[in-house]
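2 protein chains.
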Amino acid sequence: MPLKVRKNRSQVLPPVCPLAECMKLLGGAWTPNVVWHLSGGARRFSELRVDIPGVSAKVLTERLRVLEAKGVLSRAVMPTSPPSVEYALTPLGAELVPVIEAIVKVGERLKRRAMHLEAAPELSPRRGAGGARAR
Amino acid sequence: MPLKVRKNRSQVLPPVCPLAECMKLLGGAWTPNVVWHLSGGARRFSELRVDIPGVSAKVLTERLRVLEAKGVLSRAVMPTSPPSVEYALTPLGAELVPVIEAIVKVGERLKRRAMHLEAAPELSPRRGAGGARAR
DNA sequence: CGGGATCCTTTTTGATACTG
DNA sequence: CAGTATCAAAAAGGATCCCG
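Chains as they are written, first to last, in our numbering: chain X, 180 to 314; chain E, 180 to 314.
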């Protein structure tokens with residue numbers, strides 16, 4: 180292996196587009212939580228507010244609107260008194276759930292790791308350059 | 180099905196924490212792209228700038244620092260002239276890749292769907308009000 | 001080459017208060 | 001209950017210049 184040719188990645192990896200597209204979807208700080216809490220079934224506005232501690236009505240509304248516009252969830256107004264509105268994932272939204280689950284799984288692992296790092300800060304070996312960690 | 184009892188979701192679904200934790204990780208608009216473009220192997224700073232069109236040096240630096248601090252990627256300074264720095268996913272960072280791939284996959288699907296909606300705006304049936312099962 | 005330091009603009013969030 | 005309106009605060013992103 181005489182020379183490690185550094186390939187132009189765009190020949191083997193798709194361009195940035197699909198990622199950017201999808202992150203606009205899950206981009207909002209609360210968006211994944213909304214999807215997550217709808218993954219178990221339909222849920223009403225006020226229930227979501229309780230499910231997701233710390234979210235304001237405004238932000239929640241906003242996220243729900245965006246997600247509805249993207250076809251990720253559906254909004255059903257029940258003509259009752261007092262009014263109630265049910266949100267539920269569409270089939271398309273349901274496809275996001277595995278993604279969320281994967282995220283959660285990794286998130287937990289990272290959390291555990293962070294705890295380890297706290298205990299032993301210099302465990303992670305610096306790659307490369309014979310220990311050339313400037314900085 | 181006499182009565183659909185609305186359970187307290189936190190008994191069956193984990194609390195918000197892991198999701199929030201992990202989204203701080205993938206939260207930045209560019210972060211997933213960075214991980215994605217490192218998924219094929221180590222990459223230098225300037226290469227990443229080319230890989231990810233539109234990213235500024237500042238933002239890229241910032242994202243890389245954050246990801247390094249979280250243990251997602253490693254930073255190796257090569258003591259050459261001119262200096263070069265290689266970034267690579269850590270084993271932990273590699274675990275994120277399936278997540279990214281899932282995101283990309285869904286992103287593409289959403290894109291296709293968006294195109295369909297453009298063509299036929301009133302295809303999506305509004306739930307509720309007609310089949311509105313009052314509670 | 002690989003950034004750090006600044007400054008500035010655009011988005012996102014948050015806190016209240018009010019309404020049908 | 002399920003929002004809307006409004007304002008203030010904060011974060012993210014971008015542009016530019018400079019340095020080792």
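Ideal placement from N, C-alpha and C gives every residue a C-beta, glycine not left out. Keep in mind it's a predicted model, so treat the numbers as computed, not measured.
Burial state of residue i (16 or more Cβ within 10 Å)
i: H295(E); result: exposed
i: T240(E); result: exposed
i: A199(E); result: buried
i: T269(X); result: buried
i: T210(X); result: buried
i: G272(E); result: buried
i: L302(E); result: Confidence at L302(E) is low in this model, with a pLDDT of 46, below 50, so its placement is unreliable and the value that follows should be read with caution. Exposed.
i: A236(X); result: exposed
i: A281(E); result: buried
i: K183(E); result: Low confidence applies here, because K183(E) scores a pLDDT of 48, under 50, leaving its location unreliable; read the following figure in that light. When all chains shown are included, K183(E) counts as exposed.
i: Y266(E); result: buried
i: R244(E); result: exposed
i: R291(X); result: exposed
Cβ of residue i within 8 angstroms of any chain X Cβ
i: A308(E); result: Caution is warranted here: a pLDDT of 47 is assigned to A308(E), below 50, making its placement in the model unreliable, and no coordinate value can be reported.
i: A281(E); result: yes
i: V285(E); result: yes
i: R292(E); result: yes
i: L246(E); result: no
i: L268(E); result: no
Residue i: contacting residues in chain X (beta-carbon distance under 9 angstroms)
i: A208(E); result: A199, M202, K203, G206
Contacts of residue i in chain E (Cβ-Cβ under 9 angstroms)
i: L243(X); result: Neighbours of L243(X) on chain E: none; closest Cβ ~14 angstroms, over 9 angstroms.
Proximal residues to residue i (C-beta, below 8 angstroms), its chain only, five neighbours per side dropped
i: V264(E); result: R223, F224, R254, A255, V256, M257
i: K249(E); result: L204
i: P364(E); result: Because residue 364(E) is not part of the residues shown, which for chain E are 180 to 314, the question remains open.
8 angstroms Cβ cutoff, residue i in contact with chain E
i: S225(X); result: no
i: P213(X); result: The question names Pro, yet the displayed sequence has Val at residue 213(X). Chain E, which has no Cβ nearer than 8 angstroms to the Cβ of V213(X), makes this no.
Contact set for residue i: own chain, Cβ-Cβ below 6 angstroms, skip 5 residues either direction
i: D230(E); result: H216
i: I279(E); result: P211, V214, W215
i: L246(X); result: L252
i: G207(X); result: R242
i: S218(E); result: V276
Proximal residues of chain X, C-beta to C-beta of residue i below 8 angstroms
i: K237(E); result: Ordered by position in chain X, no residue passes the 8 angstroms Cβ test against K237(E), which lies about 17 angstroms from the chain.
i: P261(E); result: Those do not exist, as P261(E) stays about 14 angstroms from chain X at its closest Cβ, beyond 8 angstroms.
Contact set between residue i and chain E, taken where Cβ atoms lie within less than 8 angstroms
i: R288(X); result: L271, E274
Beta-carbon contacts of residue i that lie in its chain and below 7 angstroms, excluding the five residues immediately before and after
i: V238(X); result: W209
i: V234(X); result: W209, R228
i: L275(X); result: V214, V251
i: A221(X); result: E265, Y266, A267
Taking contact to mean at least 3 C-beta pairs separated by less than 8 angstroms, is the stretch 285-294 of chain X in contact with the stretch 253-266 of chain X? no
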